[in-house]
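To keep things clear, I will list the structure first and then write my remarks on it.
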Amino acid sequence: MAAIDQALVSILLNGLTPTGAAGIPGTAIGTPVGTAAMRIRLNSTLSTAAAFGTELTTQTSGYTAGTGWVMANASAVSSAGSAVGVPAVTQSFVSNGSPTNVVSFDLTGSAAQRGFWGPFNGQPVAVASGNTFQVTGGSGAAAGIQISLT
Amino acid sequence: MTEGLAFEPEDEAEGWRVLDPDGNVIASGGQSVTDASAGAGEGDLDGRY
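Spelled out as structure tokens, the structure:
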């Protein structure tokens, strides 16, 4: 079984997640996910290894379809293989749904380049109209979404 | 498991929350996805395994 060196893990993670200034990706492996701030796309169906889930529609506030949540702040860089936490700052939206169901997310480049994705624990998360859905922001392990390579 | 990709579990972390208009937490869960494959690694509504 092949394995991966932990230093290389960090190089790859830092190039594919918003660890650069103002939420842009690192550049150590080129720019496969663009050179502008990365985004979190929220979906009402499961993403898969091959395709996005169905994106949420634009909500009352805090989420615009086609834009998603823009990562305006840098995540703490991976070091010695550690996970990268996103978002760096808490993100939220106010639902206009009846309810809005949140199922999965994609961490994408600014031009919707796909990268890491996953279902939300407990999905579908039903967010009634007027209620707020929030993903915890923070540095490293404090962030609500932990992205790693193993 | 999808080879080489994983989302690490955060045992105590509260990854997401739903708040009512008064700011009260009415639901929460850990974003504790351990496998990038669809549906795998999901815990219960409290975000635990």
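The listed protein sequences correspond, in order, to chains Y and E.
For the first sequence, position 130 (counting from the first letter as 1) is numbered 709 according to my numbering, and the numbering increases by one without interruption.
For the second sequence, position 38 (counting from the first letter as 1) is numbered 230 according to my numbering, and the numbering increases by one without interruption.
Where a beta carbon is used, it is the ideal one built from N, C-alpha and C, also for glycine.
* Asked: Taking only runs of the beta strand (DSSP E) that begin and end inside the stretch 652 to 720 of chain Y, which ones reach a length of at least 3 residues, in chain order?
  -> 663 to 665, 670 to 673, 679 to 681, 683 to 687, 696 to 698, 704 to 706, 711 to 714
* **Sub-9 Å separation of GLY664(Y) and GLY719(Y) beta-carbons** => yes
* To do: List the DSSP bridge partners of ILE619(Y).
  => TRP648(Y), LEU686(Y)
* Between the Cα of ILE603(Y) and the Cα atoms of ALA615(Y), LEU621(Y), SER671(Y), THR679(Y), which residue gives the shortest distance? -> ALA615(Y)
* To do: Indicate whether at least one CB of chain E lies closer than 9 Å to the CB of SER654(Y).
  => no
* Asked: What are the residues that DSSP puts in a beta bridge with ALA219(E)?
  -> VAL210(E)
* To do: Quick one: using the 10 Å Cβ neighbour count with 16 as the cut-off for buried, is THR669(Y) buried or exposed?
  => exposed
* Quick one: what's got a C-beta closer than 7 Å to ASP238(E)'s C-beta in the same chain, skipping five residues either side? -> In this prediction, ASP238(E) scores a pLDDT of 38, lower than 50, which makes its location untrustworthy; no coordinate-derived value is stated.
* Give a yes or no on whether 9 Å exceeds the smallest Cβ distance from PHE631(Y) to chain E. => no
* Is LEU728(Y) closer than 9 Å to SER683(Y) when the C-beta atoms are compared? -> no
* Asked: Distance, Cα to Cα, SER677(Y) vs PRO703(Y)?
  -> 13 Å
* Asked: Between the C-alpha atoms of ASP212(E) and GLN638(Y), what's the straight-line distance to the nearest angstrom?
  -> 15 Å
* **Alpha-carbon to alpha-carbon, THR643(Y) and THR636(Y)** => 7 Å
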